[in-house]
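Encoded as structure tokens, the structure appears first; notes follow it.
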Amino acid sequence: MMALPSKQAIEFIIFDCDGVLVDSEPISNRVFCEALNKAGVAITLAELFEHYVGLSLEQGLAIINQKYGVLLGPDFLTEYKTARDAALALEIKAITGVEALIRHLTLPFCVASNSEAGKVEKMLGLTGLLPYFAGRIFSAADLGKPKPAPDIYLKIAAEFDVNPAACLVIEDTATGVRAGAAAGMQVIGYSATTSEQALIAAGAVQVFKAMSEIQKVILKGSTHV
871 MMALPSKQAI EFIIFDCDGV LVDSEPISNR VFCEALNKAG VAITLAELFE HYVGLSLEQG
931 LAIINQKYGV LLGPDFLTEY KTARDAALAL EIKAITGVEA LIRHLTLPFC VASNSEAGKV
991 EKMLGLTGLL PYFAGRIFSA ADLGKPKPAP DIYLKIAAEF DVNPAACLVI EDTATGVRAG
1051 AAAGMQVIGY SATTSEQALI AAGAVQVFKA MSEIQKVILK GSTHV
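Just so it is clear: in the sequence shown, position 38 is 908 by the numbering used here, and no numbers are missing.
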């Protein structure tokens, strides 16, 4: 297993949430697609995964409103979130292998998501991961500058007084990878919902298909990857 190319020792690890810690992406996007179709937007689930995964809900909705010439307002959002949360409560699971990775970490870590902090907390609670991240949940949506803007990552670096170059980010979308790279952090990709090529093109230094592979790399080079 190759070590990550780096000029700086890793001191801090930042996880994305949707698609990295929990398998919420297929569930949320399925419900979103159904809600959009019901509202008259002829979009497929494959299109959502290709173009919208990784964006905040508000970002995606703004693009859809413009592209399809519709105006999906507060009522649509309320109904969608209600249906989404009900589906998540029934179906959501932790990503295979991620709890084992977290339990073996010796470095400090947190989660940085484009989702609202309340949604992140609820999903982590449903999957049993919340105790690991209590008090360390950061929301780019709540900050008002969602990924691919690097602001949430820079905020975390400042809050924990760590050099951005010493942070390792784990992301599963090109949007998230671009945010981490723009913050000057080292980013590795988890290719569950996005192609390896797209993650590398966005700035990932390496891409893995399984959390067990990421765990091996991090533990092998936890002080200097």
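Note that the Cβ used here is the ideal one computed from N, Cα and C, for glycine as well. For clarity, every value in this text was computed on a predicted model and none was experimentally measured.
Self-check item: Rounded separation between SER1009 and ILE880 - CA only
Solution: Residue mapping note: residue 1009 aligns to position 139 of the sequence shown, counting from 1. Residue mapping note: residue 880 aligns to position 10 of the sequence shown, counting from 1. Those two C-alpha atoms are separated by around 22 Å.
Practice problem: Assign ILE880 to one of three DSSP states: helix, strand, or coil. | Solution: Residue 880 sits at position 10 when you count from the first residue of the sequence shown. In this structure, ILE880 counts as coil in the three-state DSSP scheme.
Quiz item: Under the three-state reduction of DSSP, which class applies to PHE946: helix, strand or coil?
Solution: Within the sequence shown, the letter at position 76 stands for residue 946. Helix, per DSSP.
Quiz item: Taking the alpha-carbon positions, what's the ILE972 to ALA1052 distance?
Solution: Taking the first residue of the sequence shown as 1, we reach residue 972 at position 102. Taking the first residue of the sequence shown as 1, we reach residue 1052 at position 182. Spanning the two alpha carbons is a distance of roughly 25 Å.
Exercise. Please report the Cβ distance between TYR938 and GLY930, rounded to the nearest whole angstrom; I am assuming they are in contact, meaning their Cβ atoms lie under 8 Å.
Key: Stepping through the sequence shown from its first residue, residue 938 is reached at position 68. Stepping through the sequence shown from its first residue, residue 930 is reached at position 60. Contact between TYR938 and GLY930 does not hold, since their C-beta atoms are separated by about 12 Å, which reaches or exceeds 8 Å.
Quiz item: CB of LYS1086 to nearest heavy atom of the ligand GTP: below 7 Å?
Solution: Absence of the ligand GTP from the depicted structure is noted, as is the absence of any ligand whatsoever, leaving it without description.
Quiz item: Below 8 Å, can you find three or more Cβ-Cβ pairs linking the region 903-921 to the region 939-950?
Solution: With the cut-off at 8 Å, the region 903-921 and the region 939-950 touch.
Exercise. Classify ALA1071 as buried or exposed, calling it buried when 16 or more other Cβ atoms lie within 10 Å of its own Cβ.
Key: Looking up residue 1071 in the sequence shown gives position 201. The Cβ neighbour count for ALA1071, taken over all protein chains shown within 10 Å, is under 16; the residue is labelled exposed.
Quiz prompt | Residue environment, MET1081, which counts as buried when at least 16 other CB atoms sit within 10 Å | solution = Start at 1 with the first residue of the sequence shown, and residue 1081 comes out as number 211. Flag for MET1081 reads buried.
Quiz item: If you run the structure through DSSP and keep just helix, strand and coil, what is GLY1014?
Solution: The sequence position of residue 1014 within the sequence shown is 144, counting from 1. Residue state, collapsed to three classes: coil.
Quiz item: Assuming VAL1047 contacts GLY1005 under a Cβ cut-off of 8 Å, what Cβ separation, rounded to an integer in Å, is found between them?
Solution: Residue mapping note: residue 1047 aligns to position 177 of the sequence shown, counting from 1. Residue mapping note: residue 1005 aligns to position 135 of the sequence shown, counting from 1. No, VAL1047 and GLY1005 are not in contact; Cβ-Cβ is about 26 Å, not under 8 Å.
Self-check item: Element boundaries [beta strand (DSSP E), containing TYR1060]
Solution: Here residue 1060 is taken as the residue at index 190 of the sequence shown, counted from 1. Run containing TYR1060: 1056-1060, per the beta strand (DSSP E) assignment.
Quiz item: Between GLN1076 and THR1045, what straight-line distance do the alpha-carbon atoms span, to the nearest angstrom?
Solution: As a working note, residue 1076 is residue 206 in the sequence shown. As a working note, residue 1045 is residue 175 in the sequence shown. Their backbone Cα atoms lie some 16 Å apart in a straight line.
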